[in-house]
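In the numbering used here, the protein residues as written are 321 to 583.
No residue lacks a Cβ here, since even glycine has one placed at the ideal position from N, Cα and C.
Here is the structure we will look at, set down as structure tokens.
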Amino acid sequence: MIIVNSDKTETFIKEAGNSNNDAVILLHGIGADHQMWTPQIEAFAQDGYYILAPDLLGHGKSSKVNRLALCDWENQINEILVQLDIKKCSVIGVSMGGVIAQSFAIHYPDKINKLILTDTFGELKTFQEKALGFSQIIGFRIYKILGAKLLAKGMTSAYKAPFAKQAQDYFRRVSLDVDFDQLILARKAINQIDAIGKIDGDQLPTLVMVGDQFGSSFVELNRKIANGIQNSKFVVLKNAMDPSNLVNPTEFNRETLHFLQDQ
321 MIIVNSDKTE
331 TFIKEAGNSN
341 NDAVILLHGI
351 GADHQMWTPQ
361 IEAFAQDGYY
371 ILAPDLLGHG
381 KSSKVNRLAL
391 CDWENQINEI
401 LVQLDIKKCS
411 VIGVSMGGVI
421 AQSFAIHYPD
431 KINKLILTDT
441 FGELKTFQEK
451 ALGFSQIIGF
461 RIYKILGAKL
471 LAKGMTSAYK
481 APFAKQAQDY
491 FRRVSLDVDF
501 DQLILARKAI
511 NQIDAIGKID
521 GDQLPTLVMV
531 GDQFGSSFVE
541 LNRKIANGIQ
551 NSKFVVLKNA
561 MDPSNLVNPT
571 EFNRETLHFL
581 QDQ
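Take a look at the structure:
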């Protein structure tokens, strides 16, 4: 499905399930697209949810852009809800999608039932955090010169663990078609997130998850998000890494569905 937004950009959406069921929006990571959610789309639909997996602006089959800010993605998500006449939904975001989900939750809290954030960050304030954000911009600029094939080779190495085969295959494939200018815009945009302590967990039930394979610093980035949201639930997923939904879909799906179904 493709919808035309009020600013004339287009959003491609992979949908599954009955539109009368509770809606769940899945927000993918940087350089990815809706296919990152392959282990979840049909599985969650079969569990009784109406699944919407959009390609975020600058990614996949959605519009390329000349500029990009967090508010542009917020507007994109809101357009989906308005045009499909969905009053409230649950939002699941992994990596970049988790950053966008937090930003959307801050500005549109009344439109969310439950919030699930995975392998993400809520601010880049310390030197180490800022280095994490800006090093990827530099990396994208280098790969733009060296070529997408080298990026695909790097992804093959990054996901070489036996349990990450599905992620390895996916990122090796999508890396060959990336638009580095769009990725640089996206990375600059998410680096501006400032969400810690700004989401009301009493009003918005929140689950924060992180894979254990990217090191303790990344785990702590996600723990910081959970600590800033009162009554949130924090889970470290074993044998998982960004994006955990693709690296360890069994545990990700189990934790996610349990949280969605919990009254």
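With respect to Asn542, Leu557 sits apart: the two C-beta atoms are not nearer than 7 Å. The C-alpha of Gly521 is placed about 35 Å away from the C-alpha of Val494. By the criterion of a C-beta distance shorter than 8 Å, Asp497 is surrounded in its chain by Ala468, once the five residues flanking it on both sides are discounted. Runs of the alpha helix (DSSP H) spanning 4 or more residues and lying entirely within the region 428 to 498 occur at 447 to 466, 468 to 478 and 485 to 494, in chain order. Per the coordinates, the alpha-carbon of Ile458 lies some 10 Å from the alpha-carbon of Lys464. Relative to Gly337, the option among Gln533, Asn551 and Tyr370 whose CA is nearest is Tyr370. A Cβ-Cβ separation of about 6 Å places Gln502 in contact with Lys384 under the 8 Å criterion.
With a cutoff of 7 Å on beta-carbon distance, Leu437 and Ala451 are scored as not near each other. Only exposed fits Lys328, as fewer than 16 other CB atoms lie within 10 angstroms of its CB. Taking one beta carbon from each stretch, the region 481 to 489 and the region 335 to 354 have fewer than 3 pairs nearer than 8 Å; the two do not touch.
Close CB contacts of Phe579 within its chain, under the 6 Å cut and outside five residues either way in sequence, are with Leu527 (chain order). For Leu388, there is no enclosing beta strand (DSSP E), as DSSP gives it neither H nor E. Taking Gly368 as the centre and dropping the five residues before and after it, the same chain places the C-beta of Asn341 closer than 6 Å to its C-beta, in chain order. Ile322 has its alpha-carbon roughly 30 Å from the corresponding atom of Met529. Nearest to Ala365 by C-alpha distance, out of Asp405, Met416, Lys334 and Gly531, is Lys334. By the neighbour-count criterion, in which a residue is buried when 16 or more other Cβ atoms sit within 10 angstroms of its Cβ, Leu505 is buried.
In this structure, Leu372 sits away from Trp393, with a CB-CB distance that is not shorter than 7 Å.
Taking every protein chain shown into account, the CB of Arg507 has 16 or more other CB atoms within 10 angstroms, so this residue is buried. Nearest C-alpha to Met561 among Asn573, Val539 and Gln581: Val539. Contact check for Ile345 against Cys409 passes: the beta carbons are separated by less than 7 Å. Distance from Leu524 to Ile432 at the Cβ level is roughly 6 Å; contact confirmed, criterion being Cβ atoms closer than 8 Å.
Membership of Thr329 in any alpha helix (DSSP H) is not indicated, and neither H nor E is assigned to it by DSSP. Rounded to the nearest whole angstrom, the CA to CA distance from Asp514 to Tyr479 is 29 Å. The Cβ atoms of Val414 and Pro563 sit closer than 7 Å to each other.
With distances taken between CA atoms, Gly535 lies nearest to Asp439 out of Ser339, Asp439, Asn325 and Lys381. Close CB contacts of Arg492 within its chain, under the 6 Å cut and outside five residues either way in sequence, are with Ala472, Met475 and Thr476 (chain order).
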